[in-house]
Amino acid sequence: MDDDIEWSILRVTFGYQTPYATRLTSAMPESDHHSDSADRERTLERALRQAAYQEECFHLLCAAVQQAYEIHDVRPGTVDTQPVKDIVFDTYTPRELEPISSVRFFLLPDGSIDPEHVEMYQVLTGWNWKHMQSEILYAVGGELNHSFWHCVVNWHGNAKTTGNTMWDSCFTRLKESGYERKVIPCMFFNMPSGCLNPRCPFDHNAGVADATRVFVLKIRYQSLRRPTARQRRAHALARKVHEEGLEDDSSTIQDEEDEEDAEMPCEPRVKAYCGNLACNRPWYMDEENPLKACARCKWTYYCSKECQRLDWPRHKREPCAPIIDIVPNDDLWDDDNVRRGTDLWEKVCGIPMQPVEVPTPACW
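Per the numbering used here: the sequence shown ends with 368, consecutive numbering throughout.
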């Protein structure tokens, strides 16, 4: 089936299976004789935690836009390390805010932020599906907050930009509104939990939320139709072993990984690989397909029944399931929208991290 046609069919189904954005904001049960008091109490507790956390993030955002913060030195930088600083909010009066500790600032000699690092931070946030769906407040309060503050400093500096046009627009909109909450997207509305506050003061835009969720799912869908980083890496290592006669030793290869990464670009000519990493036979775009899709999931390929049998313990854990079940399942995807267990290190269902195996190219 053509990918565009297949996606157009699946997109409708995804919309029904993941109605995060279309949930009512009044998610707490009404008080009637059918309501369970314990469930109501738990929901209320979650709603209060959501509201408190979102309020904290909002005030951090306001402090950032108002430049109501100070950066204090903790440890000076050296030739090999960046200076470590704390961000404190003593000058922000609407609410007491806890300092943000141990931020490593990548500064140029004039005190400005290195533009390359601003760009790097925006790349990191740009592929983070939680940031896409929760928007600016997630960047303020989540694990991206150190990256966020680099961009804030850049916005107040000579560059006059965070490196992200949407953030720049958000900062300006917030400032011009007089710091009203309604101009900032709710960080929970488009997440699996939904927003549990029926009186949430933040923006709930169902149209934008639905479109964003569909965009996230399309990224996942497209990545599922392409070879994984582990497969490409294993293929590149196997070619290097075969062509240059390197010792087939994982520790030797692992030691050289940093140097080799720049020399091993991915091969766009490869449509898919055999799912058995010890084989990893490629299917090139200019050849007849030597692989067959798994009958159940239809997105994992094998060159033989034997390879499928050998790979079953791993593939079963992925899990082996139709695309319609894999793509919308957030638990199967890293924050950066990479399917768990498919990067250069395997980490699936508690399996210890292991270096990439080097396949034997004899069968291909």
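Heads up, the beta-carbon is just placed ideally off N, CA and C, and yes, glycines get one too.
{"Query": "Cut-off 6 Å between Cβ atoms - residues of its own chain near S106, not counting five sequence neighbours on either side", "Result": "V88"}
{"Query": "Close beta carbons around A55, own chain, < 7 Å, minus the five adjacent residues each side", "Result": "N201"}
{"Query": "Exposure of N158, with buried meaning 16 or more beta-carbon neighbours within 10 Å", "Result": "buried"}
{"Query": "Member of G146, G161 and Q70 whose CA lies at the smallest distance from the CA of D114", "Result": "G161"}
{"Query": "C-alpha gap between S227 and E49, whole angstroms", "Result": "37 Å"}
{"Query": "Proximity winner among R217, L281 and F206, relative to L241 (alpha-carbon distances)", "Result": "L281"}
{"Query": "Residues bridged to K89 (per DSSP)", "Result": "D77 and V107"}
{"Query": "V78, buried or exposed, once every other Cβ within 10 Å from all chains shown has been counted against 16", "Result": "exposed"}
{"Query": "Residue from D329, G198 and F193 with nearest C-alpha to D207", "Result": "F193"}
{"Query": "Member of D290, N168, N284 and D338 whose CA lies at the smallest distance from the CA of T304", "Result": "N284"}
{"Query": "Inter-residue spacing [alpha-carbon to alpha-carbon] between L336 and R229", "Result": "16 Å"}
{"Query": "Test item: CB-CB of A233 and V331 under 9 Å", "Result": "no"}
{"Query": "Of the residues C174, S197, G198 and A143, the one placed nearest V187, counting alpha carbons only", "Result": "C174"}
{"Query": "Beta-carbon spacing of Y277, Q312 below 9 Å", "Result": "no"}
{"Query": "For I140, three-class secondary structure by DSSP", "Result": "helix"}
{"Query": "Local conformation of A297 per DSSP, three classes", "Result": "strand"}
{"Query": "Cα-Cα separation, V360 to V69", "Result": "Confidence at V360 is low in this model, with a pLDDT of 40, below 50, so the placement of that residue should be treated as unreliable; the coordinate-derived value is given next. C-alpha separation (whole angstroms): 44 Å."}
{"Query": "Cross-strand partners of C278 (DSSP beta bridge)", "Result": "Y305"}
{"Query": "Chain-order list of residues whose beta-carbon lies under 7 Å from that of R224 (same chain, five-residue window excluded)", "Result": "V331, W337 and N341"}
{"Query": "Residues of its chain near H150, where Cβ-Cβ distance is below 8 Å and the 5 sequence neighbours each way are ignored", "Result": "I104, V107 and R108"}
{"Query": "L126 versus C307 - alpha carbon distance", "Result": "Before going on, a small fix: residue 126 reads as Gln here, not Leu. Each residue's alpha carbon lies about 40 Å from the other."}
{"Query": "R177 and F62 closer than 9 Å at C-beta", "Result": "no"}
{"Query": "Separation of A325 from H135, as counted between CA atoms", "Result": "27 Å"}
{"Query": "D347, DSSP secondary structure in three states", "Result": "coil"}
{"Query": "As assigned by DSSP and simplified to three states, the class of Y125", "Result": "helix"}
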